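Notes follow the structure.
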Amino acid sequence: MAEEHTRFPEDPRRIVVKVGTNVLTAGTSRLNLAVMAQLVGQVAALHREGRQLILVTSGAIAAGRQRLGVKRDRRDIPFRQVMAAVGQSRLMYAYDLLFGWHDIVIAQTLLTRADLADRGRYLNARNTLLALLDLGVVPIVNENDVVAVD
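Numbering (this note's numbering), first residue to last: 1232 to 1381.
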């Protein structure tokens, strides 16, 4: 039986990049700005080539732990929501600074599963993302961990 392979366009115009917490922290408990700068540099190079990029990121909870100096690895939802509330602005500040070095404007987009499950909210989010891309803005998408419970 022949294997089926997913075929990707040879020269994609729109690219979605997903970055998890483990990448952003380089396996530690802190955001690693050197790793983030390298990642942003790669995204910026694609942006300069005329690609439309969406960056899907994690890391708000880790950034909150770092900011508050919390070492314990609690997993309960209220704790994670508090860490995300503290960390989201720090995560976006880091991205804004790093993309700014490349003269690239970013936009924060916080979504939940409910936003994508509801047709009207999904279309609003989609239209916003497409409008941002048309303006040359790099949307940075993260789950809205402050209200998400799954």
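Every residue gets a Cβ at the ideal spot worked out from N, C-alpha and C, and that includes glycine. The model shown is predicted, which means the values in this text are computed figures rather than measured ones.
As a beta-bridge residue in DSSP terms, I1371 pairs with L1286 and Q1339. In this structure, V1372 lies near T1340, with their beta-carbon atoms less than 7 Å apart. Counting along the chain, the unbroken beta strand (DSSP E) around V1247 starts and ends at R1245 to V1250.
DSSP places L1360 in the uninterrupted alpha helix (DSSP H) bounded by R1350 to D1365. Annotation for H1278: the continuous alpha helix (DSSP H) segment containing it runs L1264 to R1279.
As the crow flies, the alpha-carbon of R1244 is around 42 Å from that of R1303. If you compare the alpha carbons of Q1312, I1337 and G1300 with that of V1287, the shortest gap goes to I1337.
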